[in-house]
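Residue numbers (the numbering used here): 47 to 344.
Here you go:
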């Protein structure tokens with residue numbers, strides 16, 4: 047007589063569906079600071095430092111994708127107390143805005159918004175015209191209020207800043223072709239030194255990942271640090287422990303920039319390459335729109 051299988055719990059079902067792709071990137075601060083000493087194109091590095099983002103950008107802790115997956119599969123959101131709770135290896139894990147602020151050396155002051163905003167018009171007196179024209183090399187008369195703003199429209203400094211914001215702050219995986227509304231506003235805040243509530247943003251993103259199983263598991267290094275601080279070993283030493291991806295000189299070359307006489311310039315593209323980039327950007331934009339629609343439906 048065959049034994050009946052025990053029904054899986056809700057958490058087990060969610061863990062089974064949840065993506066195993068953990069995401070974490072770290073900035074090679076040494077390279078960027080060396081560039082900034084003699085090249086004003088890299089002045090945004092000083093802005094990142096004075097904004098208080100260095101601890102997050104330099105967070106280079108190893109993590110294990112299975113442990114990160116477990117953290118998210120058990121995660122619950124308590125809005126009234128501004129914290130998320132999970133359980134890893136039988137130990138309750140509580141993460142509050144105050145704790146994230148302490149770990150990263152930032153404040154819990156400033157604008158509150160999440161990674162899913164689709165319009166800058168929802169952020170007080172800001173809109174796409176105000177924000178994008180500040181970020182663009184040349185002001186434009188008409189700018190669509192869109193979350194799919196092609197990053198290729200930015201100049202060198204803001205192109206690289208967007209890559210860093212998307213890699214380390216909003217911590218998305220995949221295509222860097224488009225700047226979402228939240229990424230545009232984060233860039234604007236960094237450039238103007240207008241504060242936004244980073245701990246709030248991170249916790250909102252965490253609870254959204256827990257609800258939407260198709261998303262990459264962001265902030266892997268930060269979660270490792272949180273677990274370690276709360277007495278849980280974040281590594282399994284099973285050969286699957288990973289390090290964050292590094293944003294460095296190679297990244298700039300991959301973005302099709304090259305140095306010449308102390309400055310960085312975009313490589314000239316042939317007509318075929320320009321056409322291919324346009325098609326790639328359109329495909330990335332369409333895919334992003336589908337993903338956002340799926341999230342909203344969920």
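All C-beta atoms, glycine included, are put in the ideal place defined by N, C-alpha and C.
The beta strand (DSSP E) that contains residue i, what's its start and end?
i: residue 172; result: Segment: none, residue 172 is in no beta strand (DSSP E) and carries neither H nor E.
i: residue 305; result: 303 to 306
i: residue 133; result: 129 to 134
i: residue 157; result: Premise fails: residue 157 is in no beta strand (DSSP E) and is neither H nor E.
i: residue 146; result: Taken as a continuous stretch (DSSP letters only), residue 146 belongs to no beta strand (DSSP E), being part of the alpha helix (DSSP H) at 143 to 150.
Under 8 Å Cβ to Cβ from residue i, same chain only, skipping five residues before and after it: list those, please.
i: residue 248; result: 146, 265, 268
i: residue 240; result: 156, 157, 234
i: residue 74; result: 292, 293, 294, 295
i: residue 273; result: 113, 117, 134, 139, 279, 280
How close, in whole Å, do the beta carbons of residue i and residue j come, if the pair is a contact with beta carbons under 8 Å?
i: residue 263; j: residue 68; result: 5 Å
i: residue 293; j: residue 209; result: 7 Å
i: residue 201; j: residue 183; result: 4 Å
i: residue 112; j: residue 286; result: 7 Å
i: residue 153; j: residue 251; result: So it is not a contact: roughly 18 Å between Cβ atoms.
i: residue 101; j: residue 289; result: Going by Cβ atoms, the distance from residue 101 to residue 289 rounds to 17 Å, so no, they are not a contact pair.
i: residue 216; j: residue 229; result: 6 Å
i: residue 173; j: residue 181; result: At roughly 13 Å, the Cβ-Cβ gap does not stay under 8 Å, so residue 173 and residue 181 are not in contact.
i: residue 189; j: residue 178; result: 5 Å
i: residue 220; j: residue 71; result: The pair is not a contact, with the Cβ atoms about 12 Å apart (cut-off 8 Å).
Does residue i get closer than 7 Å to chain B when you measure Cβ to Cβ?
i: residue 92; result: Absent from the structure: chain B. Only one protein chain is present.
From what residue to what residue does the alpha helix (DSSP H) around residue i run?
i: residue 270; result: 266 to 275
CB-CB under 7 Å to residue i, same chain, minus the five flanking residues each way: which ones, in chain order?
i: residue 57; result: Model confidence at residue 57 stands at a pLDDT of 46, short of 50, so the residue's coordinates are unreliable and nothing is read from them.
i: residue 85; result: 308, 309
i: residue 175; result: 189
Check the DSSP bridge columns for residue i and list the partner residues they point to.
i: residue 291; result: 71
i: residue 309; result: 306
i: residue 140; result: 131
i: residue 122; result: 131
Excluding the five sequence neighbours on either side, which residues of its own chain have a C-beta within less than 6 Å of the C-beta of residue i, listed in chain order?
i: residue 132; result: 117, 120, 121, 139
i: residue 242; result: 156, 157, 235
i: residue 204; result: 181
i: residue 245; result: 143, 146, 147, 154
i: residue 301; result: none
i: residue 297; result: none
Within 6 Å: the Cβ of residue i and any heavy atom of the ligand FMN?
i: residue 112; result: Of ligands this structure carries none, so the ligand FMN is not represented either.
*Complete runs of the beta strand (DSSP E) confined to the segment 70 to 117 [at least 3 residues]*: Counting whole runs of 3 or more residues, the segment 70 to 117 contains the beta strand (DSSP E) stretches 71 to 73.
*Where are the alpha helix (DSSP H) runs, 4 residues long or more, that stay fully inside the segment 186 to 269, in chain order?*
202 to 210, 227 to 238, 244 to 257
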